[in-house]
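Residues 6 to 129, numbered by my numbering, are exactly what the sequence shown covers, in order.
Where a beta carbon is used, it is the ideal one built from N, C-alpha and C, also for glycine.
Working notes, beginning with the structure itself.
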Amino acid sequence: MKPYEICPASAVTELYCHLHRAGPVGPAGYECCYPDKAKEVRVVEASCGQCRLGLPGKSCDLAVRLDGKAYFVDGTTIDSHGDAHAKDGFCQAIRKAEVQGEVVDNRFKATYFKLLPDQPAQGK
6 MKPYEICPAS AVTELYCHLH RAGPVGPAGY ECCYPDKAKE VRVVEASCGQ
56 CRLGLPGKSC DLAVRLDGKA YFVDGTTIDS HGDAHAKDGF CQAIRKAEVQ
106 GEVVDNRFKA TYFKLLPDQP AQGK
């Protein structure tokens, strides 16, 4: 199974969406592949909370900026979306992502997270 293939809500293996099941996080890249049609999908800034979004801490952790405020993310990890220290990685760049979820106890609880492709530089 490849990342972002259909993941039924009843998934029980690590090859399906890890947001729809209890237990440890599955292999990198297997986030929830379809948003809940009943909920709003927001486009937000996503990056390393410590390196790019000004959040406290000494490690590198995924964060999103919603309405001008940064929150650490639960439900997916910084390493689930490639090498955080690559040229286009979360520690080097602020990226756009489609998300669903809610802020609980000052953390964003993601139920859907899709990293959007980099936009080409204007005028090149």
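Have a look at residue i and residue j and give me their C-alpha separation to the nearest angstrom.
i       : j       : result
Phe-113 : Gln-97  : 21 Å
Asp-110 : Asp-79  : 11 Å
Leu-71  : Ala-91  : 24 Å
Gly-54  : Glu-45  : 23 Å
Asp-123 : Lys-101 : 8 Å
His-86  : Lys-42  : 23 Å
Phe-118 : Gly-62  : 23 Å
Thr-116 : Asp-66  : 17 Å
Ser-159 : Arg-57  : The structure shown has nothing for residue 159, since the chain only spans 6 to 129.
Gly-73  : Ala-51  : 12 Å
Going by DSSP, which residues form a beta bridge with residue i?
i       : result
Cys-53  : Leu-67
Glu-103 : Val-48 and Lys-119
Asp-79  : Lys-114
Classify residue i: buried if its beta carbon has 16 or more other beta carbons within 10 angstroms, exposed otherwise.
i       : result
Glu-36  : Any reading at Glu-36 must be qualified, since the residue scores a pLDDT of 45, below 50, and its modelled position is unreliable; the value itself is stated next. By the 10 Å Cβ count, Glu-36 comes out buried.
Val-49  : buried
Val-104 : buried
Ala-68  : buried
Gly-106 : buried
For the putative contact between residue i and residue j, defined by C-beta atoms under 8 Å, what is the C-beta separation to the nearest angstrom?
i      : j      : result
Ala-75 : Gly-59 : 6 Å
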